[in-house]
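Chemist: Before I ask anything, here is the structure I am working with.
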Amino acid sequence: MCESNKYDCVIIGGGISGTVVAWQLFKQGLKVVIVDPQNTPVMHLAESLPASVEPMMHRLGLFELLQQEPHSLHSGQLSSWGESVLRKAPLSDRHHGWKVDKSALTTQVQAQLPEHCLFSGKVV
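Just add 54 to the spot in the sequence shown (first one is 1) and you have my numbering.
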């Protein structure tokens, strides 16, 4: 990152939250940069979202990405909270949720940002 660059916003951390914030600010016309010491997003397992997030994903402009590979619909989940029996967890009246690969979603959103918005390394 060159000292002569001027940004409206510097975002520390290129995970899904930092990336989506950067993308939203960029869409508003701000000059942003994400600073992250990692070159690639870290893989997280067991990521799922209920169907109730769909309106928010539409507002953020991310629903189309959610419909692409490797993400997929799922019909439910089994969980155990304080007991040894697995029980089916209801998701919503739509009867589905989303299995999301968060590192892939982060990469998909970052691919929509100009190259100058991403900086891998540490700022000292």
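Where is the CB? At the ideal position from N, CA and C, for every residue including glycine.
Rounded to a whole number of angstroms, what is the C-alpha to C-alpha distance between Gln78 and Glu101?
Modeler: Within the sequence shown, residue 78 is the residue found at index 24, counting from 1. Within the sequence shown, residue 101 is the residue found at index 47, counting from 1. Each residue's Cα considered, the two are about 22 Å apart.
Chemist: Exposed or buried, Ser127, counting other C-beta atoms within 10 Å across all chains shown (16 or more means buried)?
Modeler: Here residue 127 refers to the residue found at position 73 of the sequence shown. Per the sequence presented here, residue 127 reads as Leu, with Ser not at that position. So Leu127 counts as exposed.
Chemist: Would you give the residue range spanned by the beta strand (DSSP E) that Gly69 belongs to?
Modeler: In the sequence shown, residue 69 corresponds to position 15, counting from 1. Counting along the chain, Gly69 falls outside any beta strand (DSSP E), and DSSP gives it neither H nor E.
Chemist: Does the segment 74–92 come close enough to the segment 168–175 to have 3 or more Cβ pairs within less than 8 Å?
Modeler: yes
Chemist: Could you check whether Gln162 and Gln122 sit closer than 9 Å to each other, using their CB atoms as the reference points?
Modeler: Position 68 of the sequence shown holds residue 122. Position 108 of the sequence shown holds residue 162. Yes, the Cβ-Cβ distance between Gln122 and Gln162 is below 9 Å.
Chemist: May I ask whether a heavy atom of the ligand ADP can be found less than 8 Å away from the beta carbon of Lys156?
Modeler: Of ligands this structure carries none, so the ligand ADP is not represented either.
Chemist: Would you grab the beta carbon distance between Ala105 and Leu167 for me? Rounded to a whole angstrom, and I think it's under 8 Å.
Modeler: Along the sequence shown, one-based indexing puts residue 105 at 51. Along the sequence shown, one-based indexing puts residue 167 at 113. Contact doesn't hold; Cβ gap of about 28 Å is too wide.
Chemist: With a 10 Å radius around its C-beta and 16 neighbouring C-beta atoms as the bar for buried, classify Leu116 as buried or exposed.
Modeler: Counting from 1 along the sequence shown, the entry for residue 116 is found at position 62. By the neighbour-count rule (16 or more Cβ atoms within 10 Å), Leu116 is buried.
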